[in-house]
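In case it helps, the numbering used here puts the sequence shown at residues 14 to 356. Positions of the beta carbon are idealized from the N, C-alpha and C atoms, including for glycine. Inspection log for the structure reproduced underneath, given as structure tokens.
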Amino acid sequence: MAIKYKDYYEILGLKRDASAKEIKNAYRKLARKYHPDVNPDNKEAEEKFKEINEANEVLGDPGKKTKYDQLGPNWQAGTEFRPPPGWEGVDVRMGDFGDFASMGGFSDFFSTLFGQAQGGSFSQRTARRSRKARGADIDAELTILLEDAYNGGKHSVTLQKSEICPDCGGTTIAGKRSCSACNGMGMTVKPRRLDIKIPAGVKDGSRIRLAGQGETGVGGGPAGDLYLNIKLKPHPHFTVLDHDVQVELPLMPWEAIMGTEVEVSTLRGYVKMKIPPGTQSGQRLRLKGLGLSKKGGEKGDQYVKIKIVVPKTVSEQEGDLYGKLAQLYDKKKSGLIFGKTRR
Numbered sequence: 014m015a016i017k018y019k020d021y022y023e024i025l026g027l028k029r030d031a032s033a034k035e036i037k038n039a040y041r042k043l044a045r046k047y048h049p050d051v052n053p054d055n056k057e058a059e060e061k062f063k064e065i066n067e068a069n070e071v072l073g074d075p076g077k078k079t080k081y082d083q084l085g086p087n088w089q090a091g092t093e094f095r096p097p098p099g100w101e102g103v104d105v106r107m108g109d110f111g112d113f114a115s116m117g118g119f120s121d122f123f124s125t126l127f128g129q130a131q132g133g134s135f136s137q138r139t140a141r142r143s144r145k146a147r148g149a150d151i152d153a154e155l156t157i158l159l160e161d162a163y164n165g166g167k168h169s170v171t172l173q174k175s176e177i178c179p180d181c182g183g184t185t186i187a188g189k190r191s192c193s194a195c196n197g198m199g200m201t202v203k204p205r206r207l208d209i210k211i212p213a214g215v216k217d218g219s220r221i222r223l224a225g226q227g228e229t230g231v232g233g234g235p236a237g238d239l240y241l242n243i244k245l246k247p248h249p250h251f252t253v254l255d256h257d258v259q260v261e262l263p264l265m266p267w268e269a270i271m272g273t274e275v276e277v278s279t280l281r282g283y284v285k286m287k288i289p290p291g292t293q294s295g296q297r298l299r300l301k302g303l304g305l306s307k308k309g310g311e312k313g314d315q316y317v318k319i320k321i322v323v324p325k326t327v328s329e330q331e332g333d334l335y336g337k338l339a340q341l342y343d344k345k346k347s348g349l350i351f352g353k354t355r356r
């Protein structure tokens with residue numbers, strides 16, 4: 014029976030005197046281009062992928078290549094080929110290449126020359142891998158400064174992500190053997206850097222979803238998502254209370270008694286604040302709208318917690334003045350001075 018000749022060199026885009034390295038490189042390049050994972054639901058690409066693997070199976074194997082090259086003048090593409098006597102029915106066990114048989118088998122031309130490919134357990138693995146499946150989601154933790162949570166901004170993160178193996182193009186095979194670069198998995202894990210926009214108002218424990226930035230899908234399936242779990246780095250001055258923030262402000266006794274005007278640190282810089290007379294230690298004063306952003310564009314508040322600082326030592330003159338104040342206070346409060354009874 015006449016069988017249409019297949020020009021394997023032309024399929025790989027090579028000349029007939031191509032070296033083994035050129036054959037290997039051409040196969041990898043085309044396998045990556047036409048791999049089913051890269052071209053889901055593309056029958057034309059799938060057929061091309063089969064042709065490429067068939068060509069590599071012959072030209073990448075010295076024994077098969079020698080037999081193929083012996084065809085002589087019949088190599089011209091498009092001619093009808095009748096195999097020489099003794100070539101029919103030669104059985105070749107394909108081993109790791111059984112997966113291509115499971116995709117529809119090699120051509121009649123190949124089967125006539127080298128026998129019918131017989132698949133093995135690798136075929137079953139590839140068949141499973143060729144089914145569409147969504148990639149896994151990735152969970153990662155991102156620690157940011159409180160100032161970044163207040164203002165928003167960009168952050169760069171480096172993640173480990175699976176990609177189609179560049180050596181075997183996801184076929185899991187390099188030459189006749191299982192690909193050593195990916196250990197026969199068809200995928201490699203490489204670091205990937207992402208620039209991420211952090212929205213203003215994120216809190217400790219907030220979760221940011223980045224659609225399609227998770228693991229690569231299988232068999233042309235969609236990629237998973239990336240979830241960033243936000244963690245706020247402890248701030249040396251501010252405490253976060255939901256969408257509000259709080260800072261402690263030390264005051265001297267006379268400032269709390271007489272009242273004063275001070276500059277208070279906020280997440281957007283220093284602002285002036287009036288301290289009313291008679292302010293108590295532990296009292297909280299509010300700066301409206303200087304907290305973290307809420308949904309809808311509103312902002313939380315900043316609270317200023319007062320801490321009255323008592324001098325550890327005083328001069329003789331200061332001691333005299335405090336003594337006079339104590340005498341005045343005794344007359345007004347019947348002996349109570351700062352919560353203690355004078356004896």
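Hey, would you say residue i sits closer than 9 Å to residue j, going by beta carbons?
i	j	result
residue 313	residue 248	no
residue 259	residue 315	yes
residue 13	residue 318	Because residue 13 is not part of the residues shown, which for the chain are 14 to 356, the question remains open.
residue 148	residue 197	no
residue 162	residue 243	yes
residue 153	residue 230	no
residue 245	residue 159	yes
residue 233	residue 51	yes
residue 204	residue 167	no
residue 225	residue 237	yes
residue 389	residue 45	No information on residue 389 is available, as it lies outside the stretch 14 to 356 that the chain covers here.
residue 59	residue 49	yes
residue 81	residue 61	no
residue 305	residue 253	yes
residue 18	residue 72	no
residue 180	residue 193	yes
Count the other C-beta atoms from every protein chain shown that fall within 10 angstroms of the C-beta of residue i, then say buried if there are 16 or more, exposed otherwise.
i	result
residue 165	exposed
residue 33	exposed
residue 70	buried
residue 334	exposed
residue 327	exposed
residue 220	exposed
residue 216	exposed
residue 281	exposed
residue 29	exposed
residue 214	buried
I think residue i touches residue j, with their Cβ atoms under 8 Å apart; what is that distance to the nearest whole Å?
i	j	result
residue 1	residue 239	A query on residue 1 cannot be resolved here, the shown segment of the chain reaching from 14 to 356 and no further.
residue 274	residue 285	6 Å
residue 209	residue 157	Contact flag wrong, Cβ pair sits at about 10 Å.
residue 241	residue 155	5 Å
For residue i, which residues of its own chain have a beta-carbon under 6 Å away from its beta-carbon, when the five flanking residues on both sides are left out?
i	result
residue 43	65
residue 343	none
residue 195	178 and 201
residue 151	227 and 239
residue 199	178, 183 and 185
residue 41	182
residue 171	204 and 206
residue 307	256
Between residue i and the rest of its own chain, which residues show a CB-CB distance below 7 Å, the 5 nearest in sequence each way excluded?
i	result
residue 290	270, 271 and 272
residue 266	321 and 323
residue 370	Shown here, the chain extends from 14 to 356; a query on residue 370 therefore has no answer.
residue 176	200, 201, 203 and 229
residue 78	71 and 72
residue 83	none
Quick check: does the Cβ of residue i come within less than 8 Å of any heavy atom belonging to the ligand ATP?
i	result
residue 204	The ligand ATP is not part of this structure, which contains no ligands at all.
Kindly list the residues whose CB is nearer than 8 Å to the CB of residue i, restricted to its own chain and excluding five residues on each side of it in sequence; keep chain order.
i	result
residue 39	25, 26, 27 and 31
residue 250	260, 261 and 278
residue 235	147, 148 and 225
residue 54	233
residue 309	none
Segments of 3+ residues assigned as beta strand (DSSP E) that fall wholly inside the stretch 222 to 305
239 to 245, 251 to 254, 257 to 264, 273 to 279, 282 to 288 and 297 to 300
Give, in chain order, every unbroken run of the alpha helix (DSSP H) that is at least 4 residues long and sits entirely within the stretch 314 to 345.
none
Alpha helix (DSSP H) runs wholly inside the stretch 151 to 176, at least 4 long, in chain order
Segments of the alpha helix (DSSP H) lying fully in the stretch 151 to 176: 159 to 164.
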